[in-house]
Amino acid sequence: MIARSLVTIFLWLLCFRYSLAEQYKGDIQFKRNSILLLTSEGIIRDSLERAIDTEGYFDGNAYAEYLLHDQDEKIDSPKNTIELQFRTIQPNGLLLHGSSSGEEYGDYFTIELIGGKLRFAISLGRRQGIDDMVNMTLGDGLADNKFHTVLIEHNNREVWLFLDQLTRDDKRRRIETRYKQLTLDEFFFIGGAHDMKRIRDVISGANFQGCLKGVRVNGKNILQALSGDATTLRKYDVKETCDDEVSFEPMTLNGRLGQFSIGTQTAINKFRGKLSFRTYKSSGTVLSMNERFFLNFTTESISLVVLIGKSLTLVSQRQMFQYAPLNTGMWHHVEFEIGPIAVWINVDKMVDMRPPSADLPQNFFIGSVQIGGDFVGCVLNIELNGVKFDPKSLSPTEYIEVGTCHITDFCFPTVCQHGSKCIQDGKTFGCDCLNTHYKGSVCQFSQYYRTCYELQLEYPELETGNYTIDPDGSGPEEPYQTICNITTELDWFGDEISRVWTEVLTEDWNVLLQKYPPEEAQKPESVIRDIMYKPTFLSAQMVAMASEYCKQFVEYLCTGSRLLNSLNPAYGHWVGSHGRHYYYWGGSGPQYPGKCACGVRGDCLDNKGCNCDARRSTLESDEGYLFGSNGQILPVSQVLFGDVDIDSDHYANYTVGPLLCYGRPNNTATFSREDGIISLRYREGSLDGEYGDVSLFFRTPYTRGILFHQGEKTRNTRDFIQVNITSNDTVQLSYDIGNGPQSIVVQVTENPLNTNRLWHKVVVWFNIKEFGLEVDGIRKIRLNPLQQSKQLDVVGNLFIGGYMREMMNGFVGCIRGFTINGEVLNLARLSKDFDYVNEGCYSACNNETQCKGGARCTDDYNIYKCDCHLTPFYGYFCEQDLGAAFKETDSYLRYTFPEGERDAWGTDFAVGFKTGQCSGTIMEMTSHTQGHYFRISIQDDNKLIFKYNTAAGDGGKEILPPKGKSFCDNERHTFSMERKKDLLIYRVDGGPEMRDSGERLTKPFERPKQLLIGATGEGRFEGCISGVKITNWPTEKIMGPTIEPIKQLLYDNDDTNIVAKGVSKSKCGQWYDVPSVPTRPIPGPHGAATPPPGPPGGPEERRWRVDDEYTAIIVIIVLLVVLCIVAALVLVYWYYTKRKGVYHTYEDEPLAKNNEPFISLQPMGGEEPKPKKEWYI
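The sequence shown maps to residues -21 to -1, 1 to 1156 in mature numbering (1 follows the signal peptide of the UniProt record, and there is no 0).
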């Protein structure tokens, strides 16, 4: 009620102000009857010019040219506005184009209709080989015979396109340009051109047909001279006024269910018809009559087929139509007649005629005419035998729409990627991926792997040979054939492993260096060579960025020609992948500037940094491999050399060998807090557009976190896209493309997302047909409503690892291999620019930790933990020794596994012990199968023995104590072992890991039965045993519960499944001194010492919501309204006080004229001012 009152008051004030202006209009010089309106920001001039804008009618052949040759007419500004209004029924046509004299380097803009959509393209020039060509489309169904307004606002590097502003159909989009200044000095082409080929970046290829008005550039009405002669405007068949809006009642038919019939006259000897139609379908039948005649069309022709008995008469029009091919969605007008003398057809004023092939039988035209059939498109102005069909007589259905032409050009903008063929009919579309090497709904996914490494992961038996790869995946580079080279190398443990290298060949082998004249050749770096790769340098770049590390061989052969010259000065060097210059050579590294391989070894000739720097008269060489990781250094893009004058004393050539890359990209960033976020500007990374895809790998110990987000809610758009982890087994894709928020949830079935051990792969893709989400190979899609908004129109930065408005829901963990549309982002480099984001995949454990007893540091990234699983200790830092004394003759503890215990694919053991005698069984696990066991014991010769008997047989492993120590020295010792099938990984006293294999451990340990700690009789153990921990793995990926019998019985007072005798609490050693337990930092303004809210996803989970955003908007609107009212009241009061009294007289005084703040009181040109009149107020 209050809002309604405020609006009423505001409107009353506007009317009051207008009435005052009307009273004095005889004394006021209006510029084309300008009206002054009051607003909260002051007085805005809204000229009546816009109500009577100059207009022009363009018939599809007409056009106009506005010359910009005069200095005053040229455009050269970083801030520009372009506006126009149009009305048409044709979906394609050029509205306005501005050009400059720079040819392919010059600035331009284009506004055109394509498929009923508005397309705007702009280029602000080309500098340093980089074009600034950007374009966008907006709206749909604009060929509806209604006026639509277009406004373009260019402000430096930002361009806004507004369509139908201030209406309920208001749409707008924003793009960014690389440069700022728009310079136009040639022409404005209005409505078309004589030769479309001379105009840059015009796709429609057709002149506009319809009405244009209000065409302004920076406020100048460039159609103003249509009604008279002008030196700046040339018009070609443009009518000065538009026709009144004519009836436009099309019908939309969707296939056979959209067919309808029209009854015709009987007893006629000829049939005549006319109609207009438009379609995007490649062929079909528009009209037919009882299998007697058909009006068919293909992309190249419109045919009238008449069947008289078995005789066929065909008349068709196959000439080059004005709007060809026929399925571009343009309206085509067809007239035809079938008579006893002639059968003819007229298509867009082109005629074909011939006599019928036989006499027309009597009553040939009895029956109804079928409109449609397999036709998908629109028909208009149907007239049969002189009788016009009224569309309102039809009842609308799902397949028949009346009063609208509702078909869409799905093939523009290009939706089918990588050269695939778009097939559509106006209601739906598909992409033919045949012969493209791509797959997917719009052919967006490559059929090939990015590197040989990925290929080998899928096919482990891969052999050296030629294979097809696609290094940039969904990117623009085409797949190509390369060499996958399999080598055998040693790993860190000295074991042989197979390694597959992706090889990208070069053409730079033994390239002779020459330079003329000789005095130029003697200068440093005077010869520059670009390295040529097969197929392209970009392909080599993509291979490097899709791999963990690369190497590349380089060689320089020389006679009297210097290379690095200890950088005093450098005569040669090389340039890396991203344009950075490097002043070291093969076999060296960035930590050795000015040196080659021999310089690092210290054996160069004459003690130089490189052999060639010695300038020997003999042929020398410097060679070796260059190394790089994650595509940040390699491949080599250029080499520069000097001192290569070709005389008898000088010779030089170089080789840059193939690029060899291995592994998966380890381009990783750690997000150590919820408010650690990478923010990318629009040009650095954006998901805005008709299609896109993102892939990444993550690992985390938490059950929630935003992986990435883009899309700010503004007055122009509310589109967004976000992917976040929502639980330990679900990932959610949320988005809005203008049809309301949607989501896709994928639930993984095997490995929990928060194990922090495994990398999980996420792939997101979108196009106008669908959105999709894939997590660890599980895929879900959601189809878009094709007749509604289909394009993701996001603004703002791309946030990785969180979102500024949801700080408490940020991701904590590691992300690697973040790829947008085939391009891998350099997260390692980006991490250096943002707080709480670190390079690599570690954070808390990178600092000094207090984990004791050989415990592993578990990195939760914002806090470290100590993993006591493979130690006999307990506590946050694994500092607590919870032991038991076995001193009596028959001391033992027996634990019985629950019924249903599964076979053990693997088993983890951890135990601590202290004894003074070198004999006895520490622990033994037995099986339900008689005679099967795992046993750990001490022998007389001061060795630990791991002995076993399984279904594969018996065996054992001897473990020696650390050097200089004894297992029987009454000191605490620890032992842990991970048995993974036949692989044994063990540690003694927290020392380094040791590996071995058990030949008889290839089969699972069958159904564990009991665990015996200590022993009675001959093999009894005397001493202290602590922290016995047994963990069985039923499968390679499923970890069973950990059994801790000593802690359970003596410290938790739980004797379930336990029988013990002669066992008591005891410490096998001192507890470690440790600091206080660390606390988890809280994101935002809180300090690290603030008590934490608990782990993310736990009961104390918090989430910062910004629900009061709308409240802030409402408050701002109310304040603006109040300011408007206050300003209006002040002005009204000013009027009242200025004119108060019974009478107010306007005198003919100059001072009075100058005091009027709203209007100019200067006399009209050449006329004497009339005496002022008195008005009663």
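Backbone N, C-alpha and C fix where the C-beta goes; we use that ideal spot for every residue, glycine too.
Problem set entry | Buried versus exposed, by CB contacts within 10 Å (16 or more), N71 | buried
Problem set entry | Same chain, Cβ closer than 8 Å to D38, neighbours up to 5 away in sequence not counted | Q188, D216 and K218
For this session: Return the Cβ separation of V522 and T634 in integer angstroms, given the expectation that the two are a contact with Cβ distance under 8 Å.
Result: Actually they are not in contact, since the Cβ atoms of V522 and T634 sit about 20 Å apart, beyond 8 Å.
For this session: May I have the straight-line CA-CA distance separating H952 from T682, to the nearest angstrom?
Result: 37 Å
Problem set entry | Pair within 8 Å by beta-carbon distance, F790 and T679 | yes
Problem set entry | Contact belief for G263 with F276 at Cβ below 8 Å, rounded distance in angstroms | 6 Å
Exercise. How close, in whole Å, do the beta carbons of residue 1185 and K58 come, if the pair is a contact with beta carbons under 8 Å?
Worked result: With the chain running from -21 to 1156 in the structure shown, residue 1185 is simply not present.
For this session: If I'm right that G118 touches K150 with Cβ under 8 Å, what's the distance once you round it to whole angstroms?
Result: 6 Å
Problem set entry | Contact belief for C537 with A648 at Cβ below 8 Å, rounded distance in angstroms | About 43 Å separates the Cβ atoms of C537 and A648, ruling out a contact at the 8 Å cut-off.
For this session: Tell me whether P370 sits in a helix, a strand or coil according to DSSP, three-state version.
Result: helix
Problem set entry | Cβ neighbour criterion (16 or more within 10 Å) applied to S817 | Sequence check: residue 817 is Asn here, not Ser. Result: buried.
Problem set entry | Spatial distance of D487 from L46 (CA atoms) | 52 Å
For this session: Measure from the C-beta of S282 to each C-beta in chain D and report whether the shortest distance is under 8 Å.
Result: Going by chain labels, chain D is absent from the structure shown, which holds only one protein chain.
Exercise. For K400, which option in C384, R881, G419 and I386 has the closest C-alpha, if you only look at C-alpha atoms?
Worked result: Nearest of C384, R881, G419 and I386 to K400, Cα basis: G419.
Problem set entry | D32 to F797 span [Cα, whole Å] | 52 Å
For this session: Give a yes or no on whether the C-beta atoms belonging to residue 1157 and I917 are separated by under 8 Å.
Result: Examination of residue 1157 is not possible in this model, given that the chain is present from -21 through 1156 alone.
Exercise. Going by Cα to Cα distance, which pick from I723, L659 and T875 is closest to residue 1178?
Worked result: Missing from the structure shown is residue 1178; the chain here goes from -21 to 1156 and no further.
Problem set entry | DSSP beta-bridge partners of T461 | Y446
Exercise. So which of F408, N949, M230 and S78 has the shortest CA-CA distance to E377?
Worked result: Comparing alpha carbon positions, the residue from F408, N949, M230 and S78 closest to E377 is M230.
Exercise. When we look at the beta-carbon of T981 and count the other beta-carbons within 10 Å, is it buried (16 or more) or exposed?
Worked result: exposed
Exercise. Exposed or buried, E316, counting other C-beta atoms within 10 Å across all chains shown (16 or more means buried)?
Worked result: buried
Exercise. What whole-angstrom Cβ distance do F925 and M904 have, given they're in contact under 8 Å?
Worked result: Actually they do not touch by this definition, with Cβ atoms about 11 Å apart.
Exercise. Rounded to the nearest angstrom, how far is the Cβ of G104 from that of G77, given a contact under 8 Å?
Worked result: Under the criterion of beta carbons closer than 8 Å, G104 and G77 do not qualify as touching, at roughly 13 Å.
Exercise. So L777 packs on R795, CB below 8 Å; how close in whole Å?
Worked result: 17 Å between Cβ atoms; not a contact.
For this session: Whole angstroms is fine: what's the gap from V358's alpha carbon to E228's?
Result: Taking the straight line joining both Cα atoms gives about 9 Å.
For this session: Could you spell out where the alpha helix (DSSP H) holding G578 opens and where it closes?
Result: A576 to R580
Exercise. For I842, which of P851, G833, Q829 and G94 has the nearest alpha-carbon?
Worked result: It is Q829.
Exercise. Cβ atoms of I178 and I201: under 8 Å apart, would you say?
Worked result: Not in contact: I201 and I178 (Cβ atoms no closer than 8 Å).
Problem set entry | P987 - partner residues in DSSP beta bridges | S906
For this session: Give the straight-line distance between the Cα atoms of P569 and S556, rounded to the nearest whole angstrom.
Result: 15 Å
Exercise. So, helix, strand or coil for V773, using DSSP?
Worked result: coil
Exercise. Helix, strand or coil: how does DSSP classify V1105 here?
Worked result: helix
For this session: Using three-state DSSP, classify K1026 as helix, strand or coil.
Result: helix
For this session: Report the partner residues of N325 according to the DSSP bridge assignment.
Result: E314 and V330
Exercise. For R784, does the three-state DSSP call read helix, strand or coil?
Worked result: helix
For this session: Under 6 Å Cβ to Cβ from V1085, same chain only, skipping five residues before and after it: list those, please.
Result: Note that V1085 has pLDDT 36, beneath the 50 cutoff, so the model's placement of it is unreliable and no number is given.
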